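Colleague:
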Amino acid sequence: MTDEMTVILDGPGIKRALTRISHEILERNKGLTDVVLVGIRSGGDFLASQIGAALEVIEGDKAPVGAVDITLYRDDVSNQLPHHPVGKTEIPFSLEGKKVVLVDDVLFTGRTIRAAMDALMDHGRPQCIQLAVLIDRGHRELPIRADFVGRNVPTSLKENVQVIFDDRNQPVRVVLEK
Amino acid sequence: MAEFKHKNIIALRDLTKEEIELLLSTAESMREINSRDIKKVPTLRGKTIINLFYESSTRTRTSFEIAGKRLSADTVNITPSSSSATKGETLADTALNLLAMKPDIIVMRHAVSGSHYFLSGKLPNCSIVNAGDGTHEHPSQGLLDMLTMKDRFGRLDGLKVAIIGDITHSRVARSNIQGLTKMGSQVFLAGPPTMVPPGAERLGNVTVCATMKEAVQDADVVMMLRIQQERQGKTLMPNAREYSRYFGLNPENLKLARPDAMVMHPGPINRGVEMSSYVVDGPQSHILKQVENGVAVRMAMLYHVCGGELE
Chain A
241 MTDEMTVILD GPGIKRALTR ISHEILERNK GLTDVVLVGI RSGGDFLASQ IGAALEVIEG
301 DKAPVGAVDI TLYRDDVSNQ LPHHPVGKTE IPFSLEGKKV VLVDDVLFTG RTIRAAMDAL
361 MDHGRPQCIQ LAVLIDRGHR ELPIRADFVG RNVPTSLKEN VQVIFDDRNQ PVRVVLEK
Chain B
183 MAEFKHKNII ALRDLTKEEI ELLLSTAESM REINSRDIKK VPTLRGKTII NLFYESSTRT
243 RTSFEIAGKR LSADTVNITP SSSSATKGET LADTALNLLA MKPDIIVMRH AVSGSHYFLS
303 GKLPNCSIVN AGDGTHEHPS QGLLDMLTMK DRFGRLDGLK VAIIGDITHS RVARSNIQGL
363 TKMGSQVFLA GPPTMVPPGA ERLGNVTVCA TMKEAVQDAD VVMMLRIQQE RQGKTLMPNA
423 REYSRYFGLN PENLKLARPD AMVMHPGPIN RGVEMSSYVV DGPQSHILKQ VENGVAVRMA
483 MLYHVCGGEL E
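In the order they appear, the protein sequences are chains A and B.
In terms of our numbering, the first sequence opens at residue 241 and continues consecutively.
In terms of our numbering, the second sequence opens at residue 183 and continues consecutively.
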């Protein structure tokens, strides 16, 4: 880690934030009936698994967990040279009539979330989509707001926020790079 | 993971192992789209693709058209009978006229080997994708064949692949030889001596076998090729029955391969000549899986050339 990096959240801090988000999801939806979790690759999918595990501990019930890759839904895909590798979308359950909790690691411009919502709509018509993010760093370019936020971190556009995962895909810290 | 930097895909010979891996991995991801109720993503919205087919085709042209449409591109088909080539227009003139309509990608099949390199020189601002050129290469078929093998075995490295038939005239064989040898497979060729090009061994990890039996022995994959009647003179084989006897795949000689060997054919099949119907419709046949994988592979090719750089 360089001097230009500040740790915003450490491992236990991330765990506490995700536990609080899990409680809020249960509170908002009055349990887990029809609730499904879909994480945005890559990062959000690992966090969705963590929230899924926390919900099971708290409620004793499981919510299905899937992952969506938004590469093919990006609004800048035609301009990018060269293209990103395309990851796999794995939603092995129907979204029809479900309360989808979309999970991402960092909420920034909102364009990724818009792309993810487009992708979800192509898979079916959910009852509603709620958004859970570990970090909201601001600078929205679209009218998108998270329902569940782990930590609000005001940033400048020159800064970068990164969630670091270990080789077992466990979130170990969140850093602010200047 | 490698980045794909090519503006054109003309031959697997031009791609590195990492670029082939990237195309196959993208195709695996694209398959998910083809299994949905809504089989469409907005990726190539606003792009125009011209399918310029100077030779007849059912599978490849339809597959490229579906691939383009599933990525939301606008696709236009030009077939041999509807092409101004029948009025004597040269390929260069056709290309310049098409370019004036501002297409983003031209997918072309042409009977002349190397015509795509010529076309790409004329159209620097448009991506060129090879859907088969003469006896040179058919990269999308090579990629979909590799994807089908990877589905079955989970790897390409170390596979023994027997390619049987008219090697000389087969662009499918050339693309597969280029791709498979780069990916670490061992390729064994067999065919009538009149249909195996001299010096094929020099292509890399390729062994030319004297008999079909030798090539098929313990093979993981048996890939049969179509007799290219339209590309060869009448002197290359005595008759179809004799060809079938020595180089046709039937349940008996398939037993020489590994018990779980997969049987492939790029189509269209001459039933009873290259393969018996028992094998075509048998449990080891992956021919329809090849066609299914074709759409995903072509989606991957169209997606990546749009992000490529001018060469």
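For every residue, glycine included, the Cβ atom is placed at its ideal position computed from N, Cα and C.
Being a predicted model, the structure only gives us computed values, none of them experimental.
Between residue 250 (chain A) and the rest of its own chain, which residues show a CB-CB distance below 7 Å, the 5 nearest in sequence each way excluded?
Modeller: The residue given as residue 250 (chain A) occupies position 10 in the first sequence. Within the same chain, residue 250 (chain A) has close Cβ partners 413.
Colleague: State the start and end residues of the unbroken alpha helix (DSSP H) segment that holds residue 267 (chain B).
Modeller: In the second sequence, the residue the question calls residue 267 (chain B) occupies position 85. Per DSSP, residue 267 (chain B) belongs to no alpha helix (DSSP H) and is neither H nor E.
Colleague: Quick check on DSSP: helix, strand or coil for residue 377 (chain B)?
Modeller: Taking the second sequence and counting its residues from 1, the one referred to as residue 377 (chain B) is at position 195. Three-state result, residue 377 (chain B): helix.
Colleague: Can you list the residues of chain A that residue 212 (chain B) reaches, using a CB-CB cut of under 9 Å?
Modeller: Taking the second sequence and counting its residues from 1, the one referred to as residue 212 (chain B) is at position 30. The answer, in chain order, is 312 and 326.
Colleague: Which of the three DSSP states is assigned to residue 365 (chain B) in this structure?
Modeller: Looking up residue 365 (chain B) in the second sequence gives position 183. Note: residue 365 (chain B) maps to coil in three-state DSSP.
Colleague: Between the segment 437-447 of chain B and the segment 183-191 of chain B, do three or more beta carbon pairs fall short of 8 Å?
Modeller: Taking 8 Å as the limit for Cβ pairs, the verdict is that the segment 183-191 of chain B does not touch the segment 437-447 of chain B.
Colleague: Pick out whichever of B:239, B:257 and B:461 has its Cα sitting closest to the Cα of residue 481 (chain B).
Modeller: Taking the first residue of the second sequence as position 1, residue 481 (chain B) is located at position 299. If we check each option's Cα against that of residue 481 (chain B), B:257 comes out closest.
Colleague: Kindly give me the distance between the Cβ atoms of residue 349 (chain A) and residue 391 (chain A), rounded to whole angstroms, as I take these residues to be in contact under 8 Å.
Modeller: As a first step, residue 349 (chain A) must be located in the first sequence, where it is residue number 109. As a first step, residue 391 (chain A) must be located in the first sequence, where it is residue number 151. Between residue 391 (chain A) and residue 349 (chain A) the Cβ distance is about 18 Å, and since that is not below 8 Å, they are no contact.
Colleague: List the endpoints of the continuous beta strand (DSSP E) containing residue 255 (chain A).
Modeller: Mapped onto the first sequence, residue 255 (chain A) falls at position 15. Element bounds for residue 255 (chain A): not the beta strand (DSSP E) but the alpha helix (DSSP H), 251-269.
Colleague: Straight-line CA distance for residue 309 (chain A) to residue 391 (chain B)?
Modeller: As a working note, residue 309 (chain A) is residue 69 in the first sequence. As a working note, residue 391 (chain B) is residue 209 in the second sequence. Whole-angstrom Cα-Cα distance: 46 Å.
Colleague: Mind reading off the beta-carbon distance from residue 368 (chain B) to residue 395 (chain B)? Whole number of angstroms is fine, and I expect it under 8 Å.
Modeller: By 1-based counting over the second sequence, the position of residue 368 (chain B) is 186. By 1-based counting over the second sequence, the position of residue 395 (chain B) is 213. Actually they do not touch by this definition, with Cβ atoms about 17 Å apart.
Colleague: Return helix, strand or coil for residue 287 (chain A), following the three-state DSSP convention.
Modeller: Taking the first residue of the first sequence as position 1, residue 287 (chain A) is located at position 47. Residue state, collapsed to three classes: helix.
Colleague: State the Cα-Cα distance for the pair residue 479 (chain B) and residue 199 (chain B), rounded to the nearest angstrom.
Modeller: Here the question's residue 479 (chain B) lines up with position 297 in the second sequence. Here the question's residue 199 (chain B) lines up with position 17 in the second sequence. Each residue's Cα considered, the two are about 16 Å apart.
Colleague: Can you tell me the Cα-Cα spacing of residue 304 (chain A) and residue 290 (chain A), whole angstroms?
Modeller: Here residue 304 (chain A) refers to the residue found at position 64 when the first sequence is read from its first residue. Here residue 290 (chain A) refers to the residue found at position 50 when the first sequence is read from its first residue. Taking the straight line from one Cα to the other gives about 12 Å.
Colleague: Tell me the rounded alpha-carbon separation between residue 359 (chain A) and residue 223 (chain B).
Modeller: Here residue 359 (chain A) refers to the residue found at position 119 when the first sequence is read from its first residue. Here residue 223 (chain B) refers to the residue found at position 41 when the second sequence is read from its first residue. Distance between the alpha carbons of residue 359 (chain A) and residue 223 (chain B) is about 8 Å.
Colleague: Taking the beta carbon of residue 302 (chain A) as the centre, do at least 16 other beta carbons fall within 10 Å, making it buried, or is it exposed?
Modeller: Working through the first sequence from its first residue, we reach residue 302 (chain A) at position 62. When all chains shown are included, residue 302 (chain A) counts as exposed.
Colleague: Can you say whether residue 467 (chain B) is buried or exposed, counting buried as having 16 or more other CB atoms within 10 angstroms of its CB?
Modeller: The sequence position of residue 467 (chain B) within the second sequence is 285, counting from 1. Counting Cβ neighbours within 10 Å, residue 467 (chain B) comes out buried, since at least 16 surround it.
Colleague: Any idea what DSSP makes of residue 370 (chain A), helix, strand or coil?
Modeller: Position 130 of the first sequence, counted from the first residue, corresponds to residue 370 (chain A). It is a strand residue.
Colleague: Could you tell me how far apart the beta carbons of residue 476 (chain B) and residue 338 (chain B) are, in whole angstroms, since I believe they sit closer than 8 Å?
Modeller: Taking the first residue of the second sequence as position 1, residue 476 (chain B) is located at position 294. Taking the first residue of the second sequence as position 1, residue 338 (chain B) is located at position 156. Incorrect: roughly 18 Å between the Cβ atoms, too far for contact.
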